[in-house]
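A quick write-up on the structure given underneath.
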């Protein structure tokens, strides 16, 4: 059951970070961020539970996929899409790690 909470936490944190980075309204970016995570979460969850690949390597793969999706969807230059993907993934990881450290240890 914890995975649903982690998914919701990731969506909310990435949604806020992406909206701040892109300067688009929250209502415009919510559906996009939900769909983006519905593409990447199942894949990384499956790979994490069935392979021995390091998590950092899988996260790099997620950043690359999200860079492509963001760049194509928003018609951005590749470097802006890469910056957005790196920001939202690093930000949600950092916030999630902080949240876990403060409340679950």
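Numbering (this note's numbering), first residue to last: 138 to 242. The beta carbon of each residue, even a glycine, is placed where N, CA and C say it ideally should be.
- Residue 166 is a Cβ neighbour of residue 155, given a cutoff of 7 Å.
- Pairing residue 160 with residue 175, the inter-Cα distance amounts to about 23 Å.
- In the same chain as residue 220, and ignoring 5 residues on each side of it, the C-beta atoms closer than 8 Å to its own belong to 158, in chain order.
- Secondary structure at residue 212: coil, using DSSP grouped into helix, strand and coil.
- Judged by beta-carbon spacing, residue 222 lies within the 7 Å limit of residue 207, meaning their Cβ atoms are closer than that value.
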